[in-house]
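If you count by our numbering, then the sequence shown holds residues 5 to 87, one letter each, in order. Think of the CB as a built atom: it goes at the ideal place given N, C-alpha and C, for glycine as much as any other residue.
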Amino acid sequence: METDTFHVASSPDSNPVIMHDHYVSQRHALLRREPGRLCVEDEHSKNGTFVNGKRVGDTPVAVEVGDRIAVGKSIFKVALADS
């Protein structure tokens, strides 16, 4: 991640914009880099955000390398950036 926050949504101002997936809300999920960890939170999306198949509630969830984040029908795998 190049920034401390990363929006996953269908809105044109998000990063990335997911337009091909009609199950992704305009403001769907937020990834946030915090000291020593990466967290994901749902932004009150219609279809929910999931980490390894478990729905993310109102509390942000810490994710680790290898975890899978699902928004709509799109799935992202957490990985380390190449050095």
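- In the three-state scheme derived from DSSP, where H, G and I count as helix and E and B as strand, I22 is classed as coil.
- When DSSP states are grouped into helix, strand and coil, E45 belongs to the strand group.
- Sixteen is the threshold: since fewer than 16 other Cβ atoms of the shown chains lie within 10 Å of the Cβ of A66, the residue is exposed.
- The alpha helix (DSSP H) runs of length 4 or more contained entirely in the segment 30-76 do not exist; there are none.
- In the displayed model, V82 falls within coil according to three-state DSSP, outside both helix and strand.
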